[in-house]
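**Student:**
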Amino acid sequence: MPDNMDVLVYFNGQFVPLREANVNILTHGLHYGTGVFEGIRGYWLKEEEELFLVRCEEHYRRWKANCRILAIEPQKSAEELTDLTA
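According to our numbering, the residues represented by the sequence shown are 831 to 916, in order.
#1: Using only the alpha-carbon positions, how far apart do threonine 857 and glycine 865 sit?
#2: Considering only C-alpha positions, which residue in the set Val839, Glu878, Glu887 and Leu860 is nearest to arginine 871?
#3: With the cut-off set at 7 Å, would you say alanine 916 and tyrosine 890 are in Cβ contact?
#4: Based on DSSP bridge pairs, tell me the residues matched to tryptophan 893.
#5: For leucine 900, count neighbouring C-beta atoms within 10 Å of its own C-beta (all shown protein chains included) and say buried if the count is 16 or more, exposed if not.
#6: Alpha carbons only, please: which of Tyr840, Glu878 and Gly863 is nearest the one belonging to leucine 911?
#7: So, under 8 Å CB-CB, phenylalanine 882 and leucine 875 are touching, yes? Tell me the CB distance rounded to an integer number of Å.
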């Protein structure tokens, strides 16, 4: 098993080890590529030991708007998603 399987990821409303984040084989996005992509840039400043996210909330607002096009309704607000990301 790869070394990164202990990395924590956000999956189904909670942080879990990557090894526990699994999707069902019948998941629509797996078969048809249904999904919405939005990249969020971040910079780690070693001197301050802090991650600085670039316009994270704006990215999530765009992402949520694009989700609506595919009738995907994320349960969290852009503010909540930003907090989770940070």
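Even glycine gets a Cβ: it sits at the ideal position worked out from N, Cα and C. All values derive from a computational prediction rather than experimental measurement.
**Tutor:** Well, looking at it:
#1: For the purposes of this step, residue 857 is taken as residue 27 along the sequence shown, with counting starting at 1. For the purposes of this step, residue 865 is taken as residue 35 along the sequence shown, with counting starting at 1. Cα to Cα, the separation comes out at about 11 Å.
#2: Start at 1 with the first residue of the sequence shown, and residue 871 comes out as number 41. The residue with the shortest Cα to Cα distance from arginine 871 is Glu887.
#3: Counted from its first residue, the sequence shown places residue 916 at position 86. Counted from its first residue, the sequence shown places residue 890 at position 60. Not closer than 7 Å, so no.
#4: On the sequence shown, position 63 is the one that residue 893 refers to. Answer by DSSP bridge pairing: none, since tryptophan 893 is not bridged.
#5: Here residue 900 refers to the residue found at position 70 when the sequence shown is read from its first residue. That one is exposed.
#6: Indexing the sequence shown from 1 puts residue 911 at position 81. If we check each option's Cα against that of leucine 911, Tyr840 comes out closest.
#7: As a working mapping, residue 882 is identified with position 52 in the sequence shown. As a working mapping, residue 875 is identified with position 45 in the sequence shown. Sure, about 6 Å apart at Cβ, within 8 Å.
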